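In my numbering, the protein residues as written are 27 to 78. By construction, the Cβ of each residue, glycine as well, lies at the ideal position given by its N, Cα and C atoms. Because the structure is a prediction, the values reported are computed rather than measured.
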């Protein structure tokens, strides 16, 4: 799911993979701030904010 969205944002497979990696690193570092609800929305928000 993350790779598909990242690819739609970047239109480049290599950049999409990098974006997903950066997203997962940020999610791991920010897991303490995650309330446990809506993990998909949380990850997609991180992905979009990382892309900006």
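| Query | Result |
| --- | --- |
| Residue 72 classed as buried or exposed, judged by whether at least 16 other C-beta atoms fall within 10 angstroms | buried |
| Under 8 Å between C-beta atoms of residue 64 and residue 35 | no |
| Other residues of its chain near residue 69: CB distance less than 7 Å, five sequence neighbours each side excluded | 28, 49, 53 |
| Start-to-end residues for the alpha helix (DSSP H) that takes in residue 48 | 39-55 |
| DSSP state of residue 62 mapped onto helix, strand, coil | coil |
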